[in-house]
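Peer 1: Take the sequence shown: its position 105, counted from the start at 1, is 1576 in the numbering used here, and no numbers get skipped. Glycine residues also receive a C-beta, built at the ideal position from the N, C-alpha and C atoms.
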Amino acid sequence: MPNERMNLTAALLSFACLAACSGQRQLGTASEDAVGSYIRALERYSAGDMAGAAAVAARSVGSSARFLPALLLLGKASLLSGDDETAVRALKRALAATPRAGEAAVWLARAYRDSGMAAEASSICDIAVTADPGSVAALRLMAGLEADGGRLADAKACLDRALEASAEVGMAFVDRASIRWASGDRDGALADLDAAAAVLPPGSGALEAAVGLAERIRESAP
């Protein structure tokens, strides 16, 4: 029973985040059946059952046609289960429902790329990067599209931007490590610093600072 409650809480948190990103009151517009189906679909998605997740997400969308979280989940699960056609349809609807939804744009661009529609993939990827210039997922996808077209210099430029964004993520880990250490959470601080070291650029001052802080914490009394 506790695990079921945790799964339900995680699903609702994911739902709330997607709804907030849409800029709309999704809870107010989605029916109870749609929300319930979405939660069940999300549980299947988390368990790795992509085809099952897509089927249940489709029922959610059938109950509330403009329910963004379910549209996005339907698109992702369909793409990962090999149903590119359904993925494209769902993700186009998700993007139309909220043009600023960077995640929907990233997944739609992936679906177009998998379908061999390079021009469409590049166009939608541009939307994703415009919506979130620091999105590592969008920048990596853009780099892949540029490399597909033989534009290796442009691909490298995209990856340079992705690495810069990753460095910001690394520094967030360092900042949280400092707070955890100050509050007595030594193990949590070291875990954050290990995560920071994995994403910070080699030879950078930020990496040296992360490694130095980790050494200080390890040398301190537990």
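Applying the 10 Å Cβ sphere with the 16-neighbour rule, what's the burial state of S1549?
Peer 2: Burial call: buried.
Peer 1: Return the chain-ordered list of same chain residues with a C-beta closer than 6 Å to the C-beta of D1555, the five sequence neighbours on each side being excluded.
Peer 2: Result list for D1555: A1582, D1585 and S1586, in chain order.
Peer 1: I'd like the list of long-range same chain contacts for V1670, defined as Cβ closer than 8 Å, with 5 residues on each side in sequence excluded.
Peer 2: S1637, A1638, V1640, G1641 and F1644, listed in sequence order.
Peer 1: Tell me whether T1557 sits in a helix, a strand or coil according to DSSP, three-state version.
Peer 2: Helix, per DSSP.
Peer 1: Could you spell out the range, first to last residue, of the alpha helix (DSSP H) harbouring R1647?
Peer 2: L1623 to A1653 is the span of the alpha helix (DSSP H), which, as asked, contains R1647.
Peer 1: Starting from T1601 and walking both ways along the alpha helix (DSSP H), at which residues does that stretch end?
Peer 2: Counting along the chain, the alpha helix (DSSP H) containing T1601 begins and ends at A1589 to A1602.
Peer 1: DSSP three-state call for S1517: helix, strand or coil?
Peer 2: The answer is helix: DSSP assigns S1517 an H, G or I state.
Peer 1: Please report the residue range of the alpha helix (DSSP H) in which D1665 lies.
Peer 2: R1657 to V1670 is the extent of the alpha helix (DSSP H) around D1665.
Peer 1: Which term fits R1687, buried or exposed, when burial requires 16 or more other beta carbons within 10 angstroms of its beta carbon?
Peer 2: The residue in question, R1687, is exposed, as its Cβ has fewer than 16 Cβ neighbours within 10 Å.
Peer 1: Quick check on the burial criterion: 16 or more other C-beta atoms within 10 angstroms. Buried or exposed for T1569?
Peer 2: Label assigned to T1569: buried.
Peer 1: Tell me which same chain residues have a C-beta within less than 7 Å of the C-beta of L1678, skipping the five on either side of it?
Peer 2: Counting only Cβ-Cβ distances below 7 Å, and skipping sequence neighbours, we find A1668, L1671 and P1672.
Peer 1: Go ahead and label D1646 buried or exposed: buried means 16 or more other beta carbons lie within 10 angstroms of its beta carbon, across all protein chains shown.
Peer 2: Its Cβ having fewer than 16 others within 10 Å, D1646 is exposed.
Peer 1: Which residue wins for smallest C-alpha separation from S1534, given the options V1506, E1635 and A1561?
Peer 2: Checked all of V1506, E1635 and A1561; the closest Cα to S1534 is V1506.
Peer 1: Roughly how many angstroms separate the alpha carbons of D1520 and K1547, rounded to a whole number?
Peer 2: Computed Cα separation, rounded: 12 Å.
Peer 1: Quick check on the burial criterion: 16 or more other C-beta atoms within 10 angstroms. Buried or exposed for E1635?
Peer 2: So E1635 counts as exposed.
Peer 1: Determine the burial state of P1604: buried for a count of at least 16 other Cβ atoms within 10 Å of its Cβ, exposed for fewer.
Peer 2: Burial call: exposed.
Peer 1: Within this structure, are the beta carbons of A1633 and V1607 separated by less than 8 Å?
Peer 2: Yes; because the gap between Cβ atoms is below 8 Å, this pair is in contact.
Peer 1: If we count the other Cβ atoms within 10 Å of its Cβ and call it buried at 16 or more, is Q1497 buried or exposed?
Peer 2: Note that Q1497 scores a pLDDT of 45, beneath 50, so its modelled location is shaky; the value from the coordinates is reported in the next line. Label assigned to Q1497: buried.
Peer 1: Just checking: is the beta-carbon of R1687 within a distance shorter than 8 Å of some beta-carbon in chain B?
Peer 2: The structure shown contains no chain B, having only a single protein chain.
Peer 1: Specify the secondary structure class of G1683 as computed by DSSP and reduced to three states.
Peer 2: In the structure shown, G1683 sits in a helix (DSSP, three-state: H, G or I).
Peer 1: Going along the chain, which residues of its own chain have a beta-carbon closer than 6 Å to the beta-carbon of A1618, five neighbours each way excluded?
Peer 2: If we look at A1618 and ignore the five residues flanking it on each side, its Cβ neighbours are A1626.
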